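S.K.: Submitted below is the structure of interest, expressed as structure tokens.
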Amino acid sequence: STNDRTPNDHISEEKLHQLVDRFYELVSNHPDLAPIFPDDLTETARKQKQFLTQFLGGPPLYTEEHGHPMLRARHMPFPITPTRAKAWLSCMEQAMEDVNLQDPFKTYFFNRLTYTANHMINTQE
Ligand code: HEM
3 STNDRTPNDH ISEEKLHQLV DRFYELVSNH PDLAPIFPDD LTETARKQKQ FLTQFLGGPP
63 LYTEEHGHPM LRARHMPFPI TPTRAKAWLS CMEQAMEDVN LQDPFKTYFF NRLTYTANHM
123 INTQE
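The opening position of the sequence shown corresponds to residue 3 in UniProt numbering, with each subsequent residue numbered one higher.
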């Protein structure tokens, strides 16, 4: 029944992986974001695929390999300003468009990411 569905049912693993790969392509070219990310984003993308799978109600792939996400704590080494949070979200919005993510899932997912991104802000400009 529809009640058994988790949000993860609305995006395939393949689509989620396409989204994350496109997202980090955009991040690596964004002037506000590129400087705080590693040059090689392979491992970052791999972890993000694991994290977003569990974020959307799928299997806890991130936690199994890395422990509790504690995302805000893990972001503390990086100065996350309001400008960078906006930039992160704009890359995500663009990536969602580029891989043709469909509403209503797109809006649901983007709203949750907006909430999380704002929670990561740890430094003023
Ligand atoms: C890791 C930046 C928001 C999930 C990272 C890293 C940076 C970063 C620089 C380290 C990359 C590396 O060393 O591999 C940012 C910025 C954000 C943001 C500027 C703007 C608000 C988010 C959000 C999420 C997220 C909203 C989740 C929805 C992750 C995950 C990792 C990560 C899962 C890997 C953590 C690990 O090393 O295990 N982020 N992030 N980030 N970020 Fe973000």
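Don't be surprised by glycine CBs; every beta carbon is placed ideally from N, CA and C.
Computed from a prediction, not measured in an experiment: that's the story for all the values here.
What whole-angstrom Cβ distance do Y64 and K88 have, given they're in contact under 8 angstroms?
M.R.: Not quite, the Cβ-Cβ distance comes to about 25 angstroms (not below 8 angstroms), so this is no contact.
S.K.: With three or more C-beta pairs closer than 8 angstroms as the rule, is the stretch 34–41 touching the stretch 53–73?
M.R.: no
S.K.: Measure the beta-carbon distance from L35 to C93 and round it to whole angstroms, keeping in mind my assumption that it falls under 8 angstroms.
M.R.: 7 angstroms
S.K.: How should M98 be labelled, buried or exposed, when 16 other C-beta atoms within 10 angstroms of its C-beta is the threshold for buried?
M.R.: buried
S.K.: Going by the CB atoms, is the gap between N124 and I82 shorter than 8 angstroms?
M.R.: Contact check for I82 against N124 passes: the beta carbons are separated by less than 8 angstroms.
S.K.: Using the C-alpha atoms, what's the distance from P61 back to A119?
M.R.: When rounded, the distance between both Cα atoms is 22 angstroms.
S.K.: Just verifying my parser: in three-state terms, what is the DSSP assignment at P37?
M.R.: helix
S.K.: Closest by CA to A47, which one among Q104, L21, G59?
M.R.: L21
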